[in-house]
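Peer 1: The listed protein sequences correspond, in order, to chains H and Z. Counting with this note's numbering, you get residues 6 to 329 for the letters of the first sequence. Counting with this note's numbering, you get residues 6 to 329 for the letters of the second sequence. Where a beta carbon is used, it is the ideal one built from N, C-alpha and C, also for glycine.
2 protein chains.
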Amino acid sequence: MRVTIADVARAAGVSKTTVSRVVNGKADVDRSTAYRVREVIAGLGYVPSSGAVGLARGSSRTVGMLVPSLTWPWMGELLQGVVDTVEAADYGLLLFTCNRGAESVRRFTGQVSARAFDGLVVVEPENTLGHLTALHRAGLPIVLIDDRGHHPAFPSVVTTNYEGGASAARHLRDSGRTRPLVVTGPQDFGCVRDRMRGFGSVLPTGLVAHGDFTERGGRLAVEQLLASGAEFDSVFAHNDISAVGALRALHAAGRRVPDDIAVVGFDDIPVARHIEPPLTTVRQPTRQMGETAARMLLSHLGGTAVPDEPVVLPTELIVRRSAP
Amino acid sequence: MRVTIADVARAAGVSKTTVSRVVNGKADVDRSTAYRVREVIAGLGYVPSSGAVGLARGSSRTVGMLVPSLTWPWMGELLQGVVDTVEAADYGLLLFTCNRGAESVRRFTGQVSARAFDGLVVVEPENTLGHLTALHRAGLPIVLIDDRGHHPAFPSVVTTNYEGGASAARHLRDSGRTRPLVVTGPQDFGCVRDRMRGFGSVLPTGLVAHGDFTERGGRLAVEQLLASGAEFDSVFAHNDISAVGALRALHAAGRRVPDDIAVVGFDDIPVARHIEPPLTTVRQPTRQMGETAARMLLSHLGGTAVPDEPVVLPTELIVRRSAP
DNA sequence: CTGAAAGCGCTTACAG
DNA sequence: CTGAAAGCGCTTACAG
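1. With which residues is residue 124 (chain Z) paired in a DSSP beta bridge?
2. Which of the residues in the stretch 259 to 293 of chain H, read from start to end, lie with their CB under 7 Å from any CB of chain Z?
3. What are the boundary residues of the alpha helix (DSSP H) that residue 97 (chain Z) is part of?
4. For a quick check, are the C-beta atoms of residue 173 (chain H) and residue 122 (chain H) less than 9 Å apart?
5. In terms of residues, what are the limits of the beta strand (DSSP E) holding residue 54 (chain Z)?
6. List, in order along the chain, the chain H residues whose C-beta lies closer than 8 Å to that of residue 30 (chain Z)?
7. Does residue 194 (chain H) come out as helix, strand or coil in the three-state DSSP assignment?
8. Please classify residue 42 (chain Z): is it buried, with 16 or more other beta-carbons within 10 angstroms of its beta-carbon, or exposed?
9. Which chain Z residues sit within Cβ distance under 7 Å of residue 76 (chain H)?
10. If residue 214 (chain H) sits next to residue 226 (chain H), beta carbons under 8 Å apart, how far is it from one beta carbon to the other, in whole angstroms?
11. Return helix, strand or coil for residue 234 (chain Z), following the three-state DSSP convention.
12. Run through chain H and tell me which residues come within less than 8 Å of residue 112 (chain Z), C-beta to C-beta.
13. Could you check what DSSP says for residue 163 (chain H) in three-state terms: helix, strand or coil?
14. Would residue 4 (chain H) pass as a contact of residue 325 (chain H) if the rule is Cβ separation under 9 Å?
15. Under 9 Å, CB to CB, which of the residues in the stretch 39 to 60 of chain Z have a partner in chain H?
16. Within the 9 Å Cβ cut-off, does residue 88 (chain Z) reach chain H?
17. So residue 102 (chain H) contacts chain Z; which residues on that side make the cut at Cβ distance below 8 Å?
18. If you measure between the beta carbons of residue 181 (chain H) and residue 222 (chain H), is that distance less than 9 Å?
19. Taking only beta-carbon atoms, is residue 70 (chain H) less than 9 Å away from chain Z?
20. Is the Cβ-Cβ distance between residue 78 (chain H) and residue 245 (chain H) less than 9 Å?
21. Taking the beta carbon of residue 300 (chain H) as the centre, do at least 16 other beta carbons fall within 10 Å, making it buried, or is it exposed?
22. Chain Z beta carbons: is any one of them nearer than 9 Å to that of residue 188 (chain H)?
23. Check whether chain H comes within 9 Å of residue 137 (chain Z), counting only Cβ atoms and requiring the distance to be less than that.
24. What does a CB cutoff of less than 7 Å around residue 21 (chain H) pick up in its chain, not counting 5 residues either side in sequence?
25. If we count the other Cβ atoms within 10 Å of its Cβ and call it buried at 16 or more, is residue 5 (chain Z) buried or exposed?
26. I'd like to know if residue 140 (chain Z) contacts chain H, where contact means its C-beta is closer than 9 Å to some C-beta of that chain.
27. Go through its chain and collect everything with a Cβ distance to residue 168 (chain Z)'s Cβ below 8 Å, but skip five positions before and after it.
28. Have a look at H:52, H:127, H:211 and flag the residue whose alpha-carbon is nearest the alpha-carbon of residue 159 (chain H).
29. Excluding the 5 residues preceding and the 5 following residue 164 (chain H) in the sequence, name in chain order all residues of the same chain whose CB lies nearer than 6 Å to its CB.
30. Let's see if you can read the secondary structure: which residues bound the alpha helix (DSSP H) around residue 256 (chain Z)?
31. Under 7 Å between beta-carbons, which chain H residues line up against residue 327 (chain Z)? List them in chain order, please.
32. Quick one: Cα of residue 270 (chain H) to Cα of residue 303 (chain H), how far?
33. Tell me which residues share the same chain as residue 273 (chain H) and place their Cβ nearer than 6 Å to its Cβ, disregarding the 5 neighbours each side in the sequence.
34. Rounded to whole angstroms, what's the CA-CA distance from residue 76 (chain Z) to residue 75 (chain H)? Just pull it up for me.
35. For chain Z, find out if any of its Cβ atoms is closer than 9 Å to the Cβ of residue 120 (chain H); answer yes or no.
36. Can you confirm whether residue 125 (chain Z), when its beta carbon is compared against all beta carbons of chain H, has any partner nearer than 9 Å?
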């Protein structure tokens, strides 16, 4: 049977109140009493029921994490950053995905109302910002990772998309490329617009193909451009996956990378290192973004005010052979 | 303020008992009463507190998941399988890692005692089997994914490591390779021994280099063998990461893949598709393993007996250019 | 078909 | 320094 606070109190010959005080390290307990209680706790192997503590205190000491998918290439790093931070603070981490559309969202909202967690770290699933804003208004502490340029009304952690785009362009320009093709991500993403503008601040962006962050999208975009006879000496893809697609299309068309055409991606996922040629890319500090978001949420839960304007973490250009 | 069952009862003019019955779909409630209560619930937006329900019922309707790391290449798929299954059953998923050794384990055990979750899906972190066995003996329902050949005393989901090794060997043999080099994983892993034996049941394994499941390990192993002047016409690496290392070493030494030497890996992680040449590999049904494990745990929690002997899911040989 | 009451395992004023 | 009692928000015999 489960050992309860009542068992400890009985065995130690004190009240439950006193046991509670000892467990929670409150002052005002006689040293020898506290010692005796601790002995009994150790002997019985007593651990307070998290459910009961949560109910009595009105908080669950648990953080929720909502993500669109767990299989995206950089999600593992991000999640590890969040989990490490949350665990170090002795909080639990409740994980949710929105894989199954509206149904998932409904279920998730239920968990919120059920007070299953005290606060939420979220990588925004598509079209849920309104929903999240409502939850935030209703009092749920939220920190958003990667706002996609949507600039929400609550704290968020973002990366330097504008500057990242600019750094890609500078690198291409400095290595003598002047006619880039830009393969974008979904155009309604703010991060896509920012990467675009940053890039455009350095290099002309006459040639633009609209991709969708998939390998296939990157491949098709480049295939079409090649077929159209357009001339370009480099490709800036808005993420690594579509850069991989671009690489495939160039390879299939007999163009040499980087000799004929240089390629730069964005993200620095594991595949970037392993593909041939290895991909030059703008690295996002994914793990650090997870850590930072978790830390912000925890300090908010701890009562410290957290700024509403986004916390910005820097990207870093990683130079590999696809654009030396 | 939070809406409680008392608020609903008051507004509907019934007792909390009746509200509880309606919420939980018990029979023996007058149709019109039930209707009225449901109206009030909808109007007030009442959702039962999961903490209070858990305390009263003695279960948390939450499943724990313990993994060694979230950044392993196949972990995302596995986790997605677990999360989807758990969410579909209206359970929560509490995530733990053992990144920080003993400290993590201690913390984790605390959560177990605190009854934060009803059962556990676990990918075994190194050297925790004894610990897990103890928890299982103490009454915690556990399902292990990938037993590493340790054959624990509780339910588990494994893949056909022996047959996977054999299928790799058959494929190499059928394409005319007769002198393979086997690059193993850590030798104390049961799965490594099984892959070894399965492979050896088809092809002679005169040449064995002991790797450690890392890219560097695979590279060093092949470099040493090449330096020793040993002759081999193929490499079977016990996982894809070390196959990537092997590929690098072969490439650096000027050996052509697959013309001179064919390479087969194990796992089928994303990089396998993207590396040059694309890697022939023994695919593990990672996502399905996650789903299966979660389903087993849930049915155990639901009261259905679950077999103690491992549930075995089949591997599949994926043929790509590194060993056509 | 319905409700009063006890109980789940804690915390927290309050009183001494 | 310590404890009795109320309360957190539910569920569940039990009685009617």
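Peer 2: The relevant details are as follows:
1. Locating residue 124 (chain Z) in the second sequence gives position 119, where the first residue counts as 1. Per DSSP, the beta-bridge partners of residue 124 (chain Z) are Z:68.
2. 275, 276, 279, 280, 281
3. Numbered from its first residue, the second sequence carries residue 97 (chain Z) at position 92. Residue range 97 to 102 is occupied by the beta strand (DSSP E) that includes residue 97 (chain Z), with no alpha helix (DSSP H) assigned at that position.
4. Mapped onto the first sequence, residue 173 (chain H) falls at position 168. Mapped onto the first sequence, residue 122 (chain H) falls at position 117. No, these two residues do not count as a Cβ contact at 9 Å.
5. For the purposes of this step, residue 54 (chain Z) is identified with residue 49 of the second sequence, where counting begins at 1. Residue 54 (chain Z) -> no beta strand (DSSP E), and no H or E assigned at all.
6. Position 25 of the second sequence holds residue 30 (chain Z). Under the 8 Å cutoff, chain H gives no residues; its nearest Cβ is about 15 Å from residue 30 (chain Z).
7. As a working note, residue 194 (chain H) is residue 189 in the first sequence. Coil.
8. In the second sequence, residue 42 (chain Z) corresponds to position 37, counting from 1. By the 10 Å Cβ count, residue 42 (chain Z) comes out buried.
9. Within the first sequence, the letter at position 71 stands for residue 76 (chain H). Per Cβ cutoff of 7 Å: 81, 82, 85.
10. The residue given as residue 214 (chain H) occupies position 209 in the first sequence. The residue given as residue 226 (chain H) occupies position 221 in the first sequence. Right, the Cβ-Cβ distance comes to about 4 Å (below 8 Å), so this counts as a contact.
11. Residue numbering aside, residue 234 (chain Z) sits at position 229 when the second sequence is read from its first letter. In this structure, residue 234 (chain Z) counts as coil in the three-state DSSP scheme.
12. Taking the first residue of the second sequence as position 1, residue 112 (chain Z) is located at position 107. In chain order: 92, 95.
13. For the purposes of this step, residue 163 (chain H) is taken as the residue at position 158 of the first sequence. DSSP places residue 163 (chain H) in strand when its eight states are reduced to three.
14. Since the first residue of chain H shown is 6 and the last is 329, residue 4 (chain H) is not available in this structure.
15. 50, 51, 52, 53, 54, 55, 56, 57, 58, 59, 60
16. Numbered from 1 along the second sequence, position 83 holds the residue referred to as residue 88 (chain Z). So yes, residue 88 (chain Z) belongs to the interface.
17. By 1-based counting over the first sequence, the position of residue 102 (chain H) is 97. The contacting residues are 85, 88, 89, 92.
18. Here the question's residue 181 (chain H) lines up with position 176 in the first sequence. Here the question's residue 222 (chain H) lines up with position 217 in the first sequence. No, they are not a contact pair.
19. To locate residue 70 (chain H), count along the first sequence from 1; it is residue 65. Yes, its Cβ sits closer than 9 Å to a Cβ of chain Z.
20. For the purposes of this step, residue 78 (chain H) is taken as residue 73 along the first sequence, with counting starting at 1. For the purposes of this step, residue 245 (chain H) is taken as residue 240 along the first sequence, with counting starting at 1. Taking 9 Å as the cut-off, the beta carbon of residue 78 (chain H) is found closer than this to the beta carbon of residue 245 (chain H).
21. One-based indexing of the first sequence puts residue 300 (chain H) at position 295. Label assigned to residue 300 (chain H): buried.
22. Position 183 of the first sequence holds residue 188 (chain H). For residue 188 (chain H), the answer is no, since every Cβ of chain Z falls outside 9 Å of its Cβ.
23. Walking along the second sequence from the start, residue 137 (chain Z) turns up at place 132. It does not: the Cβ of residue 137 (chain Z) has no partner Cβ on chain H nearer than 9 Å.
24. Position 16 of the first sequence, counted from the start, is the residue given in the question as residue 21 (chain H). Counting only Cβ-Cβ distances below 7 Å, and skipping sequence neighbours, we find 10, 11, 14.
25. Nothing in the structure corresponds to residue 5 (chain Z), since chain Z is present only between 6 and 329.
26. Here the question's residue 140 (chain Z) lines up with position 135 in the second sequence. Chain H, which has no Cβ nearer than 9 Å to the Cβ of residue 140 (chain Z), makes this no.
27. Here the question's residue 168 (chain Z) lines up with position 163 in the second sequence. So the qualifying residues of the chain are 203, 319, 320.
28. Within the first sequence, the letter at position 154 stands for residue 159 (chain H). Closest option to residue 159 (chain H), Cα to Cα, is H:127.
29. Position 159 of the first sequence, counted from the start, is the residue given in the question as residue 164 (chain H). 289, 318, 320, listed in sequence order.
30. Within the second sequence, numbered from 1, the residue matching residue 256 (chain Z) stands at position 251. Where residue 256 (chain Z) is concerned, the enclosing alpha helix (DSSP H) stretches over 245 to 257.
31. Position 322 of the second sequence, counting from 1, holds the residue named residue 327 (chain Z). Those do not exist, as residue 327 (chain Z) stays about 13 Å from chain H at its closest Cβ, beyond 7 Å.
32. By one-based count along the first sequence, residue 270 (chain H) stands at place 265. By one-based count along the first sequence, residue 303 (chain H) stands at place 298. Cα to Cα, residue 270 (chain H) sits roughly 33 Å from residue 303 (chain H).
33. Residue 273 (chain H) sits at position 268 when you count from the first residue of the first sequence. Within the same chain, residue 273 (chain H) has close Cβ partners 286, 288, 323.
34. Numbered from its first residue, the second sequence carries residue 76 (chain Z) at position 71. Numbered from its first residue, the first sequence carries residue 75 (chain H) at position 70. Roughly 11 Å between the two C-alpha positions.
35. Here residue 120 (chain H) refers to the residue found at position 115 of the first sequence. Residue 120 (chain H) counts as touching chain Z.
36. If you number the second sequence from 1, residue 125 (chain Z) lands on position 120. So no, residue 125 (chain Z) is outside the interface.
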